[in-house]
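*Asks:*
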Amino acid sequence: MLRLLFLSSISFLVHTGCSDNCGPGGAQAFSLLASDASTALEWGNLSSSANNDCPDGAAPAGVVSLTLTGVQKDGPGLITLCISRPDLLAVGEVPLSTTGNGVRIIDLSADSMGCMYALESLRPVLGTATSTGMCDNGTNKNGYALTVDGNLSMRMTCETNTTTVALSFNGTVAVKAQ
Numbered sequence: 003m004l005r006l007l008f009l010s011s012i013s014f015l016v017h018t019g020c021s022d023n024c025g026p027g028g029a030q031a032f033s034l035l036a037s038d039a040s041t042a043l044e045w046g047n048l049s050s051s052a053n054n055d056c057p058d059g060a061a062p063a064g065v066v067s068l069t070l071t072g073v074q075k076d077g078p079g080l081i082t083l084c085i086s087r088p089d090l091l092a093v094g095e096v097p098l099s100t101t102g103n104g105v106r107i108i109d110l111s112a113d114s115m116g117c118m119y120a121l122e123s124l125r126p127v128l129g130t131a132t133s134t135g136m137c138d139n140g141t142n143k144n145g146y147a148l149t150v151d152g153n154l155s156m157r158m159t160c161e162t163n164t165t166t167v168a169l170s171f172n173g174t175v176a177v178k179a180q
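Structure (structure tokens):
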């Protein structure tokens, strides 16, 4: 009887989203890096809120998309991401892109060494995203860690010269839930 009661208690905790595993673990505040041999741009200090800005019509009832916002380390740049299905991100890998479902890059900008960088939206972003410590579809007050592993292109404008640079986009960052 005692064993059955213990198992029932564990089942209740799992289904209510209460867990000791919620939170970003050892993830740092700044560690999303877009880079190549001559460029290193870093973002972080991410906050997540359930705004439903990029909903997935196929999501189960009660699943609300998350909007993540953050800033460039040592610069005025910004990052905005939208997670259409936090329920899927909480349990596995989802696509990293600028359209569709998964983790969508809405805005990505930076300044570095006198040049301005902006996401090149006409070129595809390729990659994946995962999370650790995500509970309650990303709304748990403990937050979570977001990991990205992909490639993207940014427009680099230095004075009057504009070029497109291909960059790897990687890292694991702590996300605070609002």
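To get the numbering used here, take the position in the sequence shown, counting from 1, and add 2. Cβ coordinates follow ideal geometry from the N, Cα and C atoms, glycine included. The model shown is predicted, which means the values in this text are computed figures rather than measured ones.
Using CA atoms only, rank isn't needed, just tell me which of 47, 46, 174, 81 is closest to residue 147.
*Replies:* Out of 47, 46, 174, 81, 174 has the C-alpha closest to the C-alpha of residue 147.
*Asks:* Residue 6 by DSSP, collapsed to three states: which one?
*Replies:* Reliability of the predicted coordinates at residue 6 is poor, the pLDDT of 41 falling under 50, and no value is obtained from them.
*Asks:* Could you check what DSSP says for residue 46 in three-state terms: helix, strand or coil?
*Replies:* If DSSP states are grouped into helix, strand and coil, residue 46 belongs with the strands.
*Asks:* Quick check: the region 43-51 against the region 70-90, are at least 3 beta-carbon pairs closer than 8 angstroms?
*Replies:* Taking 8 angstroms as the limit for Cβ pairs, the verdict is that the region 43-51 does touch the region 70-90.
*Asks:* Report the residue ranges of all beta strand (DSSP E) runs contained in full by the region 33-116; include only those spanning at least 3 residues, in chain order.
*Replies:* With a minimum length of 3 residues, the continuous beta strand (DSSP E) runs that stay inside the region 33-116 are 42-51, 68-74, 80-85, 96-99, 105-114.
*Asks:* For residue 170, which residues does DSSP report across the bridge?
*Replies:* Paired residue(s): 37, 153.
*Asks:* Name the two residues that bound the continuous beta strand (DSSP E) containing residue 133.
*Replies:* Segment 128-134, the beta strand (DSSP E) holding residue 133.
*Asks:* Check the C-beta distance from residue 107 over to residue 90 and give it rounded, since I have them as a contact under 8 angstroms.
*Replies:* The Cβ separation is near 17 angstroms, so there is no contact.
*Asks:* Look at the alpha carbon of residue 153 and the alpha carbon of residue 126, and state the distance between them as a whole number of angstroms.
*Replies:* Answer to the nearest angstrom: the Cα atoms are 9 angstroms apart.
*Asks:* If contact is defined by three or more beta carbon pairs under 8 angstroms, each pair taking one atom from either stretch, is the region 150-169 in contact with the region 98-117?
*Replies:* Enough Cβ pairs lie closer than 8 angstroms, so yes.
*Asks:* Who are the near neighbours of residue 144 in its chain, counting only those whose CB is closer than 6 angstroms to its CB and skipping five residues on each side?
*Replies:* Correct list, in chain order: 24, 25.
*Asks:* With C-beta atoms as the reference, is residue 140 less than 8 angstroms away from residue 176?
*Replies:* No, the Cβ-Cβ distance between residue 140 and residue 176 is not below 8 angstroms.
*Asks:* Residue 169 and residue 114 look like a contact to me (Cβ under 8 angstroms); what is the Cβ gap, rounded to whole Å?
*Replies:* So it is not a contact: roughly 12 angstroms between Cβ atoms.
*Asks:* Measure the CB-CB distance between residue 109 and residue 81 and report whether it falls below 8 angstroms.
*Replies:* Yes.
*Asks:* Using the Cα positions of residue 65 and residue 142, report the straight-line distance between them to the nearest angstrom.
*Replies:* Spanning the two alpha carbons is a distance of roughly 13 angstroms.
*Asks:* Within the present structure, is the beta-carbon of residue 100 separated from the nearest heavy atom of the ligand ATP by less than 7 angstroms?
*Replies:* Inclusion of the ligand ATP in the displayed structure is not the case, the ligand content being empty and no account of it being possible.
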